[in-house]
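Here's the structure, in structure tokens; my notes come after.
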Amino acid sequence: WVAMVTARAPTNIAVIKYWGKRNQKLILPINSSISITLNPHDLSATTTVAVSPSFTADRLWLNGKEVSIEGDRYQNCLREIRSRATEVTDPKTSRIITKKDWESLHVHIVSKNNFPTAAGLASSAAGFACLVYALAQLMGVRERYKGEISSIARIGSGSACRSLYGGFVEWDMGKDDDGKDSIAIQLAEEKHWEDLVVIIAVVSSRRKETSSTLGMQDSVNTSKLLLHRAKEIVPKVMVEMRKAIKERDFATFARICCADSNQFHATCLDTSPPIFYLNDTSKRIISMVERWNKAEGTPQAAYTFDAGPNAVLFAPDKAKACELLSRLLFYFPPASDKKISSYVVGDVDMLAFKE
Ligand code: DP6
9 WVAMVTARAP TNIAVIKYWG KRNQKLILPI NSSISITLNP HDLSATTTVA
59 VSPSFTADRL WLNGKEVSIE GDRYQNCLRE IRSRATEVTD PKTSRIITKK
109 DWESLHVHIV SKNNFPTAAG LASSAAGFAC LVYALAQLMG VRERYKGEIS
159 SIARIGSGSA CRSLYGGFVE WDMGKDDDGK DSIAIQLAEE KHWEDLVVII
209 AVVSSRRKET SSTLGMQDSV NTSKLLLHRA KEIVPKVMVE MRKAIKERDF
259 ATFARICCAD SNQFHATCLD TSPPIFYLND TSKRIISMVE RWNKAEGTPQ
309 AAYTFDAGPN AVLFAPDKAK ACELLSRLLF YFPPASDKKI SSYVVGDVDM
359 LAFKE
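Take the sequence shown: its letters are residues 9 to 363, numbered as in UniProt numbering.
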């Protein structure tokens with residue numbers, strides 16, 4: 009017999025960035041963060057987890073290729089879920105799988121993401137959120153406190169904890185040494201700010217040169233600016249950002265979002281050796297949005313960049329999103345050397361002008 013569960017989880021885009029850990033193993037951050045979870049049909053991971061007495065080892069396939077499951081991050085997530093497994097009646101076969109059975113049963117995990125291969129966007133957030141959620145469903149894990157499952161996704165990849173919820177999500181850094189209170193909390197659901205449009209401008213599909221994990225480790229060890237940001241600045245902007253989201257105040261949202269992205273990249277430059285995630289095209293996108301916002305006297309669009317050169321842009325509504333797209337097309341024409349293959353997420357149709 010085989011029992012299985014399939015789940016899907018979208019990726020999320022941070023508007024107040026997580027950068028830096030105070031505990032590497034438990035992935036506890038040095039500051040809280042806020043993100044927007046994308047629609048599940050946009051950029052997401054789909055994972056099937058199965059158990060059967062005939063499986064002789066835990067195994068994992070990512071996008072059609074078997075990969076090792078021995079890494080600490082997978083092992084830590086598996087261990088935490090297994091330790092919380094409860095008796096489950098498989099809905100298909102009515103077979104009862106006891107708490108004791110879970111100790112000896114092996115899992116097979118098949119995961120794939122629907123990110124356009126050219127997108128070069130991080131997939132670990134969606135991947136770990138999906139894996140942990142699917143395993144928890146399969147093994148009958150019930151949260152003993154709100155956010156417990158997000159705290160398990162967190163030990164897979166920090167940003168993954170935020171993908172357990174839709175809409176606007178805060179990752180509370182927490183205070184405890186064991187990480188129990190370092191969990192994701194939904195600030196507002198998907199429907200809260202339906203007009204907001206997210207556009208991803210794919211500037212480069214190349215793998216980032218410095219991974220987030222290693223980059224933030226170097227920043228914690230060498231950047232004084234990062235500590236100042238985490239202690240003095242982020243706690244204040246968290247309060248303002250929560251309010252801006254609650255009130256759907258695009259002007260404040262845009263101002264904080266752009267400033268936070270720029271400050272995050274400033275801490276990367278302040279790292280030794282310095283980390284450069286933005287490229288020439290990323291910087292031109294920033295200038296384009298800044299000039300537009302200045303000319304209109306109020307924010308028309310916002311930008312944010314993670315650990316790579318691709319831009320995530322926000323527009324307050326569909327009309328502004330279309331205007332933003334036509335500006336992108338004008339400034340970055342498909343045939344130019346400043347190439348963007350633009351992937352549009354949200355209600356606006358996908359628009360791809362390929363490299
Ligand atoms: C710049 O969550 O990928 O996207 O916890 O080491 O797996 P690990 O790092 P990861 O870092 C994400 C960094 C970021 C900002 C953010 O998403 O908040």
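Glycine included, C-beta positions come from ideal geometry on N, C-alpha and C.
Please read all numbers here as calculations on a predicted model, not as lab measurements.
Here H116 carries a strand assignment [DSSP, helix/strand/coil]. Taking the C-beta atoms as reference points, L337 is found no nearer than 7 Å to A309. Per the Cβ contact rule, the segment 132 to 148 is in contact with the segment 157 to 172 (3 or more Cβ pairs under 8 Å). N39 carries a coil assignment under DSSP once its states are collapsed to helix, strand and coil. Residue side-chain check: Y173 keeps its Cβ at 6 Å or more from all non-hydrogen atoms of ligand 1. Rounded to the nearest whole angstrom, the CA to CA distance from S132 to D189 is 22 Å. Each residue's CA atom was taken as its position, placing Y311 and I253 some 16 Å apart. Look at T230 here: in three-state DSSP terms it is helix. A contact between stretches requires three or more CB pairs, one per stretch, nearer than 8 Å, and the segment 35 to 47 meets this requirement with the segment 161 to 173. Excluding sequence positions up to five before and after S40, its CB lies within less than 7 Å of the CB of E178, W179, D180, M181, V242, M246, all in the same chain and listed in chain order. Under DSSP, the beta-bridge partners assigned to N121 are A53.
Taking C-beta separations shorter than 8 Å and ignoring five residues to either side along the sequence, the partners of S76 in its chain run L68, following chain order. Judged by DSSP secondary structure, F258 falls within the alpha helix (DSSP H) whose first and last residues are 258 to 277. For W69, the enclosing beta strand (DSSP E) covers residues 67 to 70. Per the Cβ contact rule, the segment 310 to 327 is in contact with the segment 281 to 298 (3 or more Cβ pairs under 8 Å). The beta-carbon distance between D66 and V115, rounded to whole angstroms, is 5 Å. This is short enough to meet the 8 Å contact definition. Separation of I42 and K107 (C-alpha to C-alpha, rounded to the nearest whole angstrom) is 36 Å.
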